[in-house]
Amino acid sequence: MLFATSHPWWRVDLLETYVIASVTITNRGDCCAGDINGAQIHIGDSLVNNGINRQCSVIGSMTLGENRIFYCEKPMIGRYVTVSIPRAEYLYMCEVEVNAWLAIPK
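Residues in the sequence shown are numbered consecutively from 40, following my numbering.
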């Protein structure tokens, strides 16, 4: 039997710092469309507290197999992109695409 995880998360390490304008997420297409509702997208350079960096966007609701772009209010700088659900739930996604360009070092 499977049980929902408390505060499930998914993270990608881009290996360098990028300027990130948006994140495109494709929801799974076979079932459980609503499980992703309320998920938060965070971007930044910290792994402290499981990478709870500044919030880019929140996933309101998605349908089965839906592909949607989530825009940050303004471009954000970071190495890590984390998608997390702030409750006990399963986190299912089919695909995640980070729409970004390499940050110029200071």
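C-beta: ideal position from N, C-alpha, C; glycine also.
#1: For Ser123 versus Ile91, is the C-beta distance shorter than 9 Å?
#2: Considering only the beta carbon of each residue, do Trp140 and Val51 sit closer than 9 Å?
#3: Bridge partners of Thr44, per DSSP?
#4: Can you tell me whether Ile98 is buried or exposed? The criterion is at least 16 other CB atoms within 10 Å of its CB, across all chains shown.
#5: If you draw a straight line from the alpha carbon of Val137 to that of Ser96, how long is it in whole angstroms?
#6: Spell out the partners DSSP gives Val106 in its beta bridges.
#7: Using a 10 Å radius around the Cβ and a threshold of 16 neighbouring Cβ atoms, would you call Thr121 buried or exposed?
#8: Would you check if the distance between the CB atom of Phe109 and the CB atom of Ile80 is smaller than 9 Å?
Looking at the atomic coordinates:
#1: yes
#2: no
#3: Glu128
#4: buried
#5: 13 Å
#6: Per the sequence shown, the amino acid found at residue 106 is Asn instead of Val. The partner list for Asn106 (beta bridge, DSSP) reads Thr65.
#7: buried
#8: yes
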